[in-house]
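Report on the structure given below.
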Amino acid sequence: MPLDLDSLSIRLSHRPIVWVEETDSTMHDAAHLASMGCASGTVVGANAQTAGHGRLGRKWLSVPGAGLYFSVVLRLSLPSEHLPVVTLATGLAAAEGITAASGLAVDLRWPNDVLAGGRKVCGILIEQHQSALICGIGINVDHAEFPPELEPIATSLFLAGARSVNKEDLLVAVLESLDRHIVLLAEKGPEPVLALFAQASSYVSGRSVVVDQEDAQIRGITDGLDPSGFLWVRQQDGVRKLILAGGVRPG
Ligand code: BTN
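Under this note's numbering, the first residue of the sequence shown carries the number -4, and numbering increases by one thereafter.
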């Protein structure tokens, strides 16, 4: 069922929201709106994406009508060193919104994958477009199955045990939580956001992980976040490596 935009716009305090049946990627639509000068907080969503994409050049499976696929344009006056923390704040918001709307307990894998039962239920992509940040969020809601190559690593709220999640409630819960975390970051700086992330994520400390990077693979035990929100990993030889980017998985 399509989302009820009139009721959503009221529930979202008249935040600009555009929702289309199909697009290539809401990241492109949001970037286009940003370049036209849209307001901070503008949301662009779609029931289906033909070229949904994620971090590290991966595709994002966007089964028509089964998920929530949307991007939020943010214009923030934050010091540039706080921008990486927006990535963590968006993950926290998605996790909090998912729990509020579905009742499921979830985990966060650095930097911002949301996991249910150890499998990915939500992915987040943050891109800078001119002076705006585009926060893309994909949540697998009603998917009853995944292709064999994704089956071991992906799940949906439905498969994780949440029945009939209302997508409007879910969207509102994520956006309201995103606002709260961005205000927290703007008013109090990164520390409280980092502390909340460390509390919500089993991956921040003491987890045996492999980090796949473009030209290297790092293995070790996670050892906290640095003040910018990057992940420390202690290798077996005792050397600590600061992970700025890459895919983290259990090691
Ligand atoms: C990832 O886990 O790698 C990030 C996935 C982000 C997917 C969302 S769906 C809405 C928005 N549009 C896209 O093309 N990507 C993001």
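From the three backbone atoms N, C-alpha and C, an ideal C-beta is built for every residue, glycine too.
Any heavy atom of the ligand COA closer than 7 Å to the Cβ of residue i?
i: H48; result: As for the ligand COA, it is missing from this structure, which binds only the ligand BTN.
What residue range does the alpha helix (DSSP H) around residue i cover?
i: Q194; result: P185 to A195
i: A25; result: T21 to S30
i: I93; result: L78 to S97
i: L3; result: L0 to R6
Here's the rule I'm using: 16 or more other beta-carbon atoms within 10 Å means buried, otherwise exposed. How should residue i be labelled?
i: S126; result: exposed
i: T18; result: buried
i: I148; result: exposed
i: G60; result: exposed
i: S20; result: buried
i: L239; result: exposed
i: N161; result: exposed
Tell me the DSSP secondary structure of residue i in three-state form.
i: A111; result: strand
i: A41; result: strand
i: G242; result: strand
i: P49; result: In the sequence on display, residue 49 carries Gly and not Pro. It is coil, neither helix nor strand.
i: L166; result: helix
In terms of residue numbering, what span does the beta strand (DSSP E) encompassing residue i cover?
i: W105; result: Unbroken run through W105: none, as it is neither H nor E.
i: L63; result: G62 to L69
i: D218; result: Q212 to L220
i: A149; result: Premise fails: A149 is in no beta strand (DSSP E) and is neither H nor E.
i: G224; result: Run containing G224: none; DSSP gives neither H nor E here.
i: W14; result: I12 to T18
i: S200; result: S200 to D207
Using a Cβ-based criterion (distance less than 7 Å to any ligand heavy atom), does residue i qualify as near the ligand BTN?
i: I238; result: no
i: L250; result: Nothing about residue 250 can be read from this structure; the chain reaches only from -4 to 246.
i: Y198; result: no
i: F141; result: no
i: G131; result: yes
i: W55; result: yes
Counting beta carbon pairs with one atom in the region 98 to 116 and one in the region 145 to 161, are three or more of them shorter than 8 Å? Under the 8 Å Cβ criterion, the region 145 to 161 counts as touching the region 98 to 116, having at least three qualifying pairs.
Evaluate contact between the region 67 to 83 and the region 31 to 42, counting only Cβ atoms and requiring at least three cross-stretch pairs below 8 Å. With the cut-off at 8 Å, the region 67 to 83 and the region 31 to 42 touch.
Count the CB pairs spanning the region 126 to 145 and the region 194 to 204 that are closer than 8 Å, and state whether there are at least three. Here the region 126 to 145 makes no contact with the region 194 to 204; the two share fewer than three CB pairs at distances below 8 Å.
Quick one: any contact between the region 45 to 59 and the region 91 to 99, if contact means 3 or more CB pairs under 8 Å? Contact fails: fewer than three Cβ-Cβ distances are below 8 Å.
Can at least three beta-carbon pairs, one atom from the region 168 to 185 and one from the region 75 to 93, be found at a separation below 8 Å? As far as the Cβ criterion goes, the region 168 to 185 touches the region 75 to 93, which means the pair count is three or higher.
Touch check for the region 199 to 218 and the region 114 to 123: three-plus C-beta pairs under 8 Å? Segments in contact, no.
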